[in-house]
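In our numbering, the protein residues as written are -1 to 544.
Worksheet: the structure to be examined is printed underneath.
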Ligand code: TNX
């Protein structure tokens, strides 16, 4: 046996030697400017503008709080791996001056979420009309740096960036993912980490499925047993849990700092067993059902014939609305198999009115379609067959759609028969299946203008840990993100597959679990201490706005 105490030293020496040999043989070339997920709207490479972040770089931002906040976030992203101090300062007219400038320009013709990123020999400039735009520019910048930028520890690397200009803006205003915290409860740190994943890919909505048969996860002061009783269960018999109001507020503000709006869902009138266990007066037979920890659906409902039910709904939605700065309240509406016809539509219409009276916009699963229209209402379509006349009719009456096709966007579907967790009722969803569809035309007869955007739901009947969540989320979430953000004209599986492969080393370096989908050409080279890329000619894309 060699002396174990000498091993780290030897390993360190070997690493240092490999590093300096590597530096001599192949100084790391920058990534290509177009190697970004989701694909940017317009990319104009300029190889004469390649630039390397120097240790003494300063991040200078416009003096408005929205710009300074993004500058601080950028510094926090870059400091761990670079080990550079990267001080943040402000200026009336920020200039890169050998560092990074974040310029908030109200007159910039870039839209509410767009940005321009200029990389020149003088440094980096991100320009946007809003903090959100600057934030998205920073996410792009992050992906253009070597993968080692994801390291939590300082890494000896040449922090090279490819020269040129990216002009970018999203195709759809609503780009989301859903996390079901009801079937299995996930603590705040897990939710915050999911928010980080959304932010990386420029998603801007996190839909939280907060209540279901197996558990009630959000504190409601006027009906306290919803959580103390209804929150104490989950699928499989585990302890469950719930978010006290302060925890929910923490999630909301962490998301807001990343330009992500939380969409809270209280699923009604079905999927309510946990509420009935806590408050039997809401049950049709006024008797408490046993707590439910299985995975069937469609058996429970709050009594639509009892006025007390509407007091309950108004109290719950009122408290959730008060905690939620975003405009949306999601009222579920799916799989209420025992509440039929006019009883169902009558219930939905009353609840829609309650939401409107709270000053919020109704979102619900597309089962809401037959109910009367109410201004602004949004249906979340989760069908598996794009022929859906009932939804088309609701759109004709004014509804907008968020599309989440079960057989393309459901992150709880297995990738392949051997995926260890997940469902297959909507089929298997490999990365290509998640990528190859068009939210703008998917529901036949619904015009693209009625499509607000796209969302990828993650139901958690079989998902019990953060690693499980990440395994199902990655790499499919970036596919859905690209459908929501990138112009349709840039849709191209071969390009996406290659750009997605570049994300793998980033996740590995950051310690994020992902599914090594066989159809993606993941690199096999080590990512720490350095990732070396062979320079390749860039191809500029000039795309017209949609
Ligand atoms: C259907 S999608 C449901 C959920 C399940 C999911 C499992 C929808 C609106 N309802 O209750 O968790 O399938 O994939």
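Cβ atoms here follow ideal geometry from the backbone N, Cα and C, with glycine treated the same way.
Is the beta carbon of residue 214 within less than 6 Å of some heavy atom of the ligand TNX? no
Take residue 431 as the anchor and find which of 382, 394, 449 has the nearest alpha-carbon. The shortest Cα separation from residue 431 among 382, 394, 449 belongs to 382.
Just the C-alpha distance for residue 67 and residue 101, rounded to the nearest angstrom, thanks. 12 Å
Check: residue 441 C-beta below 6 Å from any heavy atom of the ligand TNX: no
Helix, strand or coil for residue 20, going by three-state DSSP, please let me know. Note that residue 20 has pLDDT 45, beneath the 50 cutoff, so the model's placement of it is unreliable and the number below is only indicative. Of the three classes helix, strand and coil, the one that applies to residue 20 here is helix, per DSSP.
Express the C-alpha separation of residue 464 and residue 350 in angstroms, rounding to a whole number. Residue 350 and residue 464: Cα-Cα distance of roughly 34 Å.
Between the C-alpha atoms of residue 135 and residue 406, what's the straight-line distance to the nearest angstrom? Here the alpha carbon of residue 135 sits roughly 28 Å from the alpha carbon of residue 406.
Nearest to residue 219 (by Cα), restricted to the options 133, 401, 139, 318: 318
Could you tell me the boundaries of the beta strand (DSSP E) in which residue 520 lies? Per DSSP, residue 520 belongs to no beta strand (DSSP E) and is neither H nor E.
Between which two residues does the beta strand (DSSP E) containing residue 175 stretch? 172 to 178
Identity of the residue in 459, 337, 252 nearest residue 323 by Cα: Here the closest residue by C-alpha is 252.
Go ahead and pull the three-state DSSP assignment for residue 343. helix
What are the boundary residues of the alpha helix (DSSP H) that residue 478 is part of? 474 to 483
In the DSSP assignment, the alpha helix (DSSP H) including residue 305 goes from what residue to what residue? 305 to 321
Start-to-end residues for the alpha helix (DSSP H) that takes in residue 394: 387 to 394
What separation, rounded to the nearest whole angstrom, lies between the Cα atoms of residue 277 and residue 296? 19 Å
Nearest to residue 500 by CA position, among 34, 28, 27, is which residue? 34
Measuring from the CB of residue 421, is there a heavy atom of the ligand TNX at a distance below 6 Å? yes
Quick check: the Cα distance between residue 20 and residue 158, rounded to an integer number of angstroms? Because the pLDDT of residue 20 is 45, which lies under 50, any placement of that residue in the model is unreliable, and the number read from its coordinates should be weighed accordingly. About 15 Å.
Extent of the continuous alpha helix (DSSP H) to which residue 505 belongs: 501 to 508
Entirely within the segment 194 to 235 and at least 4 residues each: give me those alpha helix (DSSP H) ranges in chain order. 223 to 226
Measuring only the C-alpha atoms, how far is residue 461 from residue 477? 21 Å
Which two residues bound the contiguous alpha helix (DSSP H) that contains residue 134? 129 to 142
Using 8 Å as the threshold, is the segment 489 to 500 in touch with the segment 440 to 460, meaning 3 or more CB pairs across them? no
Verify whether the separation of the beta carbon atoms of residue 215 and residue 254 is less than 7 Å. no
Measuring only from the beta carbon, is residue 326 closer than 6 Å to any heavy atom that is part of the ligand TNX? no
By alpha-carbon positions, which one of 160, 86, 74 ends up nearest to residue 42? 160
Please tell me whether, using a cut-off of 6 Å, the distance from the CB of residue 332 to the nearest non-hydrogen atom of the ligand TNX is below it. yes
C-beta contact flag for residue 343 and residue 367 at 7 Å: no
Does the beta-carbon of residue 295, which I'm using as the reference point, lie nearer than 6 Å to any heavy atom of the ligand TNX? yes
Among 337, 483, 207, whose alpha-carbon lies nearest the alpha-carbon of residue 197? 483
According to DSSP, simplified to helix, strand and coil, what is residue 272? helix
Which word fits residue 453, buried or exposed, when buried means at least 16 other C-beta atoms lie within 10 angstroms of its C-beta? buried
For the ligand TNX, is there any heavy atom lying closer than 6 Å to the beta carbon of residue 410? yes
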